[in-house]
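Shown next, in structure tokens, is the structure this report addresses.
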Amino acid sequence: MDLSGILDRSYRHPSVFSYTRRSDVTHDEPTGDQLVLVLAALANPIRLRIIARLADGREYVSQLARDVGISRPLLHMHLQRLEAAGLVAGALELSLDGKAMKYFELTDFHLTITPPVLAAAATTLTPPDATKGPPPQENP
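Written out as structure tokens, the structure is:
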């Protein structure tokens, strides 16, 4: 999901995501593909623990891995999924001793799922490519 050009994210009921772009046009309803991406990112207990930890504030990768109880490579894999879904954001910063440290924090999101939101999102799903066979199964 390309979120470039987004100046502000405001999340309002009844939609899952509302993006305010430079043109100040608000898109209230998520596309089916956006919704699938977000729900797939949330459908994992480790990623839920990462979000719970980041709800307390931003943290650098090594400490976050210790707090969640997983290796840094595994944490990076989960953070990539959460970042691709727009749920977390990472920033590289220099410590006082010049060491590069990657910090992650939650984006300001509000998730509301209703039958009308799901129905509208389903109409915008990208159709599967028939030449590629069935879509891959999600591996949490």
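Numbering-wise, the sequence shown is residues 1 to 140 according to UniProt numbering.
Virtual Cβ for every residue (Gly too), placed ideally from N, Cα, C.
Only a predicted model underlies this, so the values are computations on that prediction, with no experimental measurement involved.
- In the three-state DSSP reduction, E83 falls in the helix class (H, G or I).
- Comparing alpha-carbon positions, the option among A89, Q34, T112 and S71 lying closest to I51 turns out to be A89.
- In this structure V68 is in contact with R53, their Cβ atoms being roughly 6 Å apart against a cut-off of 8 Å.
- A straight line joining the alpha-carbon of H110 with that of Q63 spans about 26 Å.
- Exposed is the label assigned to R66, since fewer than 16 other Cβ atoms lie within 10 Å of its Cβ.
- Under the DSSP assignment, A65 falls in the alpha helix (DSSP H) whose first and last residues are V61 to V68.
- Here V88 is bridged, per DSSP, to L106.
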